[in-house]
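Undergrad:
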Amino acid sequence: MTDNKQLRVSKIESGTVIDHITGGQALNVLAILGIDGTDGEVVSVGMNVPSDRLGRKDVVKVEGRELSQSELDVLSLIAPDATINIIRDYDVVEKHVVHRPDSVTGVLRCPNHNCISTEDEPVGSKFAVTDDGVRCEYCETIIREDLAAHILV
Amino acid sequence: MDQNHLISAKGLSRADIEAVLDRAGEVAADPAAAAGRHEGSLLGLLFFEPSTRTKMSFAAAVKRMGGDIVDMGPVDSSSVKKGESLADTVRVVEGYADALVMRHPSEGSARMASEFVDVPLINAGDGAGQHPSQTLLDLYTIRESAGLDDLTIGIMGDLKYGRTVHSLAYALTNFDTRQHFISPESLKLPRNVRYDLHEAGSEVKEHTDLGATLPSLDVLYVTRIQRERFPDESEYRQVAGEYQIDTDTLADASEDLRVMHPLPRVDEIGHGVDETDHARYFQQAHNGVPVRMALLDLMLGGD
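Line by line, the protein sequences are chains W and Y.
If you read the first sequence in the working numbering, its first letter stands for residue 813, the second for the next number, and so on.
If you read the second sequence in the working numbering, its first letter stands for residue 801, the second for the next number, and so on.
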């Protein structure tokens, strides 16, 4: 399959292409990145696109913005196979994979309603990333399943 | 101890624990020697939840060493009632005291508070999280009569929400102990505590019934099952009734079994047990003073 057929959207001039996102997670990827369209970025989203490697995958293209490695590493929690292409003048100038960070701040909401991080205090949520999940740095609640359901929006 | 705060039993190494217990032993043997050791020191008490034993024993501990307390008092008469954040409250109170002792209904509150203060902060209970100073006096009580190695302990009751249980179970992984956890299915150890016990190399043996393990126990640590953990009164009565002990229950126990309880108890230990050699819970509560004296002494900069 050619890129054009696979992606179903045109190439971008400059920006970031996040490919090989776990099928169905594109909107959560955008939520984590804080991209909701209100800043005027041009964003293209492909969902459940056929993929040799993943079966189905999502693709997100953000024009005019180069996302940093630390911004993108957070995505590893919900899209561990994601690949990142930085595009300049229609060419891929950098390729990255996502790495699990040691911790994530302000991304997930602690599911424990009695956790201090869910109250009106001057701290954000903070989770340590473990081998198979995340753990609240305050109340120590462990989340292993469906991390996307806990994304702060 | 991490950053001179005591937030969780996970912050205590075996050496930390033994340092506190050894000092507590010295204090208990010669209380007069500690008098005046912290003349002029002020301990800030922030209790956002009711407390009898913990609060009074910390107050007694600092006063017996020549210090005093500054007490926030009940939440209803403090600025918390006006909507002040916990972070602001502790930042203000640290200016009035040399160390803080805090109890708060939210899990993680002590951890968060410790991020905002430089003076030592002791977690005296954060919701269903941790209560590490209780653990130190529990360990002291166990060590006094049974030693802390080659020990078989049963921990029974509300293991899900019981903060004293969470702290004690973790601290015991520093020693050569076998732990049995006895509770109703709905009140088993939470996932994070089980995870930590596994990580510490401890085998988690869980039971819904005390019967089979009782004869092997050196210590039985009983905790209260609270009414509010159950949807209705009848279910609570039925479940709680299965985790009460009395002299009949203890007929199968070893003669040397020590029965402990962080108190307050309601009816989980029959009053008949009080008169037996098994009962250690009142001694356990009394040990709160020398152990908290030792803890404060070390945290405030004892010799």
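Cβ atoms here follow ideal geometry from the backbone N, Cα and C, with glycine treated the same way.
All of these numbers come straight from a predicted model, not from anything done at the bench.
Taking Cβ positions only, does residue 912/Y come closer than 8 angstroms to chain W?
TA: yes
Undergrad: Between 952/Y, 989/Y, 974/Y, 947/Y, which lies nearest to residue 964/Y when the distance is taken from Cα to Cα?
TA: Per the Cα distances, 989/Y.
Undergrad: Assuming residue 901/Y contacts residue 922/Y (C-beta within less than 8 angstroms), just tell me the rounded distance between them.
TA: 5 angstroms
Undergrad: Using 8 angstroms as the cut-off, can you tell me whether the stretch 1012-1023 of chain Y makes contact with the stretch 1048-1060 of chain Y, which would need three or more C-beta pairs spanning the two stretches below that distance?
TA: yes
Undergrad: Around the C-beta of residue 913/W, are 16 or more other C-beta atoms found within 10 angstroms, so that it is buried, or is it exposed?
TA: buried
Undergrad: Measure from the C-beta of residue 907/Y to each C-beta in chain W and report whether the shortest distance is under 8 angstroms.
TA: yes
Undergrad: Of the choices 823/W, 867/W, 825/W, 891/W, whose alpha-carbon is the least far from that of residue 842/W?
TA: 891/W
Undergrad: Under 8 angstroms, do residue 879/W and residue 910/W count as touching if we go by C-beta distance?
TA: No, these two residues do not count as a Cβ contact at 8 angstroms.
Undergrad: Does residue 1105/Y come within less than 8 angstroms of chain W when only Cβ atoms are used?
TA: The shown model of chain Y, from 801 to 1103, leaves out residue 1105/Y, and the question about it has no answer.
Undergrad: Could you tell me the alpha carbon to alpha carbon distance between residue 1039/Y and residue 1030/Y, rounded to whole angstroms?
TA: 9 angstroms
Undergrad: CB-CB under 6 angstroms to residue 882/Y, same chain, minus the five flanking residues each way: which ones, in chain order?
TA: Counting only Cβ-Cβ distances below 6 angstroms, and skipping sequence neighbours, we find nothing.
Undergrad: So, is residue 867/W buried or exposed, given that buried needs 16 or more other C-beta atoms within 10 angstroms?
TA: exposed
Undergrad: DSSP state of residue 900/W, grouped into three classes?
TA: strand
Undergrad: Going straight from the alpha carbon of residue 815/Y to that of residue 860/W, what length do you get?
TA: 55 angstroms
Undergrad: Can you name the start and end residues of the alpha helix (DSSP H) that residue 1090/Y belongs to?
TA: 1088-1099
Undergrad: So residue 948/Y and residue 975/Y are in contact, right, with Cβ under 8 angstroms, and what is the actual spacing, rounded?
TA: The Cβ separation is near 4 angstroms, so the contact holds.
Undergrad: Note down, in chain order, every chain Y residue with its Cβ under 7 angstroms from the Cβ of residue 937/W.
TA: What residue 937/W touches in chain Y: nothing, since even the nearest Cβ is about 10 angstroms away.
Undergrad: Does the contact criterion of 3 or more C-beta pairs under 8 angstroms hold for the stretch 996-1003 of chain Y versus the stretch 1059-1066 of chain Y?
TA: no
Undergrad: Excluding sequence positions up to five away, which residues of its chain have a Cβ less than 6 angstroms from the Cβ of residue 838/W?
TA: 857, 859, 870, 872
Undergrad: Could you give the first and the last residue of the continuous alpha helix (DSSP H) run that contains residue 826/Y?
TA: 814-829
Undergrad: Given 8 angstroms as the limit, is there contact between the stretch 867-877 of chain Y and the stretch 832-848 of chain Y, that is, 3 or more CB pairs closer than that?
TA: Judged by Cβ distances under 8 angstroms, the stretch 867-877 of chain Y makes contact with the stretch 832-848 of chain Y, as three or more pairs qualify.
Undergrad: Enumerate in chain order the residues of its own chain whose CB-to-CB distance from residue 946/W is below 6 angstroms, with the five nearest sequence positions on each side excluded.
TA: Result list for residue 946/W: 939, 955, in chain order.
Undergrad: Answer with yes or no whether the minimum CB distance from residue 917/W to chain Y is below 8 angstroms.
TA: no
Undergrad: Jot down the residue ranges of each uninterrupted alpha helix (DSSP H) in the stretch 916-960 of chain Y, minimum 4 residues, whole runs only, in chain order.
TA: 932-945
Undergrad: Taking only runs of the beta strand (DSSP E) that begin and end inside the stretch 846-907 of chain Y, which ones reach a length of at least 3 residues, in chain order?
TA: 868-871, 899-904
Undergrad: Apart from the five residues on each side of it in sequence, which residues of its chain come closer than 6 angstroms, Cβ to Cβ, to residue 954/Y?
TA: 980, 982, 1013, 1017, 1020
Undergrad: From residue 876/Y to residue 1083/Y, what does the alpha carbon distance come to, in whole angstroms?
TA: Taking the straight line joining both Cα atoms gives about 33 angstroms.
Undergrad: Taking all protein chains shown into account, do 16 or more other C-beta atoms lie within 10 angstroms of the C-beta of residue 802/Y, making it buried, or fewer, making it exposed?
TA: Bear in mind that a pLDDT of 49 at residue 802/Y, under 50, signals an unreliable position, so the number given afterwards is only what the model happens to contain. Its Cβ having fewer than 16 others within 10 Å, residue 802/Y is exposed.
Undergrad: Classify residue 881/W as buried or exposed, calling it buried when 16 or more other Cβ atoms lie within 10 Å of its own Cβ.
TA: Around the beta carbon of residue 881/W, fewer than 16 other beta carbons sit within 10 angstroms, so the residue counts as exposed.
Undergrad: May I have a chain-ordered list of the beta strand (DSSP E) segments no shorter than 3 residues that lie completely inside the stretch 874-962 of chain W?
TA: 895-900, 903-909, 915-917, 938-942, 945-948
Undergrad: If you follow the beta strand (DSSP E) that residue 980/Y is part of, which residue opens it and which one closes it?
TA: 977-982
Undergrad: Does the stretch 816-832 of chain Y come into contact with the stretch 1090-1097 of chain Y, if we say contact requires no fewer than three beta-carbon pairs (one atom in each stretch) closer than 8 angstroms?
TA: yes
Undergrad: Which residues in chain Y sit within 7 angstroms of residue 953/W, going by Cβ to Cβ distance?
TA: 992
Undergrad: Please decide whether residue 897/W counts as near chain Y, where near means a Cβ-Cβ distance under 8 angstroms.
TA: no
Undergrad: Using a C-beta to C-beta distance shorter than 7 angstroms, which residues of chain Y count as neighbours of residue 932/W?
TA: Annotation: Cβ neighbours of residue 932/W in chain Y (cutoff 7 angstroms, chain order): 885.
Undergrad: Look up residue 1021/Y in the DSSP assignment and say whether it is helix, strand or coil.
TA: In the three-state reduction of the DSSP assignment, residue 1021/Y falls in the strand class, which pools E and B.
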